[in-house]
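First the structure, in the form of structure tokens, and then the observations on it.
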Amino acid sequence: MKLSLHHIYLSALSISLIGCTSMPSQPTTLAPANLQAPAEQSFAFELAAKGVQIYTCKANSKDASQYEWAFVAPEAELFRGTQMENIGLHGAGPFWSMNDGGRIVGEVVAKSDSPNKQAIPWLLLKVKMNSGLGEFAQVKSIQRVATAEGKAPTSGCDAMNLGKEVRIPYTATYNFFR
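Taking the numbering used here, the leading residue of the sequence shown gets 33, the next gets one more, and so forth.
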């Protein structure tokens, strides 16, 4: 069977357009004004995170007779869109690493309560370290939005549970800007 150059071109174009449908041109969840990336940066891509927020029961730093859950670190897998294939990790630092070798470390610059009162806050982070590799190359800012769950427990931290660690499930969307 003979394929014309025109058919090959149309097939290639169709395949490339299918790939584009999974990469939104703007964030699917818009952040409030205080969490916007700097104006000179543009949206690059978003990743879904599913994992845990880790807390430890500690004595309150201002009143040693009181106890509180202290945040330790996130621990999550990263996914693109509806694909459930793990393409990276998110952890203490906080850092994000991709299977392509890219790694960034962020620093919180702004915070906003989640519209979901049972969820951890939304954040704007600036990148303070970038490996310069892979998809994270050139990323300068990160938004954490669309959070679900992940808040520290409201009870169970007392003298008998001092040092106890809890792992609270959470999900979030991370928007990356260049």
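Ideal placement from N, C-alpha and C gives every residue a C-beta, glycine not left out.
Out of the options, which one is the CA nearest neighbour of residue i?
i	options	result
Gly-123	Ala-142, Ala-76, Ile-136	Ile-136
Val-159	Gly-125, Ser-187, Lys-143, Lys-82	Gly-125
Ser-144	Thr-60, Ala-178, Val-104	Ala-178
Gly-133	Asn-162, Ser-57, Lys-94	Asn-162
Leu-155	Ile-119, Val-140, Tyr-202	Val-140
Val-198	Ser-57, Tyr-87, Lys-82	Tyr-87
Tyr-202	Arg-176, Gly-188, Phe-208, Lys-90	Arg-176
Ser-187	Leu-67, Glu-78, Cys-89	Cys-89
Lys-82	Ala-142, Thr-114, Leu-157	Thr-114
Tell me whether residue i is buried or exposed, calling it buried when 16 or more other Cβ atoms sit within 10 Å of its Cβ.
i	result
Lys-183	buried
Ser-129	buried
Thr-205	buried
Ser-103	The residue asked about is misnamed: residue 103 is Phe in this sequence, not Ser. Burial call: exposed.
Phe-209	buried
Ser-146	buried
CB-CB under 7 Å to residue i, same chain, minus the five flanking residues each way: which ones, in chain order?
i	result
Pro-70	Ser-173
Gln-58	Phe-75
What residues in its chain sit with their C-beta under 6 Å from that of residue i, if we drop five residues either side in the sequence?
i	result
Leu-121	Ser-129
Minimum length 3: unbroken beta strand (DSSP E) runs contained in the stretch 170-209: 173-181, 197-209
The stretch 189-196 in contact with the stretch 168-177 per 3-pair CB rule at 8 Å: no
Whole beta strand (DSSP E) elements within the stretch 92-118, 3-residue minimum: Counting whole runs of 3 or more residues, the stretch 92-118 contains the beta strand (DSSP E) stretches 99-111.
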